[in-house]
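Since the structure comes first, as structure tokens, the remarks are kept for the end.
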Amino acid sequence: QTVWTDIFTWIEGKIEGSTPQKVMRFNDAPWSVDKVVKKTVKHFLWLLIGLLTGISFVAWFTDAYQLWVDLFSFNVAMFAVIVITAFTFGTYLFAGFMREQVCFWLCPYARLQGVMYDQDTLLPAYDAERGEPRGRIKKGQEQQDRGSCVDCHVCVAVCPTGIDIRKGQQEGCITCGLCIDACDSIMDKVKQPRGLIRYASYKELHHNDAPIPLNKRFRVYVYVVILFASLAGIINGFMTLSPTEFKVVHERQPLYVRLSDGSIQNKYTIKVLNKTKETIVIDFKLEGLEGATLHGLSTMSVAPGKIIPVTALVRVPEDAMISDLMPINFIGEVEDNSAIELHYSSMFIGPK
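Shown next as structure tokens:
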């Protein structure tokens, strides 16, 4: 959110004015050809960035080159269109208009940070003991009976979420450190030591305690354990990720058909998703139900990154039906790759 907001505000600054005051004056000015052109260009660029964001997100889950081909040939899947549209207008709204309000009301990042903080955590903080009382200073004037803070509000102006760090730590702070750099630049100009706003802990500012080393803080070890447990889970998920997805759906209407020879027939839709980078050829067979035969499908070819739905018919002799509901297993064996085996358990339905 912060990165996208910075990009959008940079575009706005280049087109409408380099400072918030200039942007406000531009917005308050009467409409003219110049204003219409600049507004159109700005919003076009915002929407373009939102569109590229949506396309980039979808490209994570499909063939990126094929996605671009589909886009230029207007042959994009409806689901991809919905996702790209949602990301386009979501980025346009959140980064262009809501901006820091997303950090306050929608983003859980600040709340998560607040849970993890303690009194020894190093955070951007204002040294009130040194900075108060505040007071403006003119160039060449010596500071008397005032703190180091010259009340310039630069720290507030550069904050992405618009908070005043001088009021203490707040949930809107994303610890970017921009207020520190801004304050240090002002301190250099008024010939004051840097560090009025700096990374410091609560204990350091209020009790003058030296920072506790990380290796002596129990909470750090807890977080390390949680981190490595999460990484282990992610790595295990990737290591055990199946190269294919296999699903069999029983046809609901009709549940079964009695053929002229007395055998019972069920209809299924078989779907195979190929997650590999090569075309796979799958041979199908049935297990678990004596006398069951597969018709209409024996072998299928699935291209990389594609999902193929096909219809299969299963027939069972009537005398083999010992129940109206019998388990059946669909087995798929990938040619030239015995390590990939597809298995799906379903039910075969007959007359009661």
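Numbering (our numbering), first residue to last: 9 to 360. Every residue, glycine too, gets a C-beta built ideally from N, C-alpha and C.
- In this structure, the beta-carbon distance from Cys-191 to Cys-167 does not fall below 7 angstroms.
- When the alpha-carbon of Lys-285 is set against those of Tyr-73, Lys-293, Glu-326, Asp-332, the nearest one is in Tyr-73.
- As summarised for the stretch 169-255, the continuous beta strand (DSSP E) elements at least 3 residues long and confined to that stretch are 205-208, given in chain order.
- Counting only runs of 4+ residues, the alpha helix (DSSP H) found wholly inside the stretch 25-78 occupies 28-36, 41-67, in chain order.
- Here His-258 is not near Ser-353, since their CB atoms are 7 angstroms or more apart.
- Here Arg-144 is exposed, its C-beta having fewer than 16 other C-beta atoms within 10 Å.
- With respect to Trp-54, Phe-16 sits close: the two C-beta atoms are nearer than 7 angstroms.
- By the Cβ-count criterion, Ala-320 is buried, with 16 or more other Cβ atoms from all chains shown falling within 10 Å of its own Cβ.
- DSSP places Leu-263 in no beta strand (DSSP E); its state is neither H nor E.
- In the structure shown, Thr-93 falls within a helical segment according to DSSP collapsed to helix, strand and coil.
- Under the Cβ criterion (8 angstroms, minimum of three pairs), the stretch 128-145 counts as touching the stretch 197-210.
- The shortest C-alpha to C-alpha distance from Leu-213 to any of Arg-225, Cys-184, Thr-129 is the one to Thr-129.
- Glu-137 carries a helical assignment under DSSP once its states are collapsed to helix, strand and coil.
- Three or more pairs of CB atoms, one per stretch, sit closer than 8 angstroms, so the stretch 99-110 contacts the stretch 48-65.
- About 5 angstroms separates the beta carbon of Phe-34 from that of Gly-25, a gap short enough to meet the 8 angstroms contact definition.
- Secondary-structure assignment with DSSP links Ser-353 through a beta bridge to Asn-337.
- Per DSSP, Asp-344 has no beta bridge partner at all.
- Residue pairing by DSSP places Met-308 opposite Ile-290 in a beta bridge.
- Closest in alpha carbon position to Ser-306, among Asn-282, Met-329, Pro-312, Phe-338, is Phe-338.
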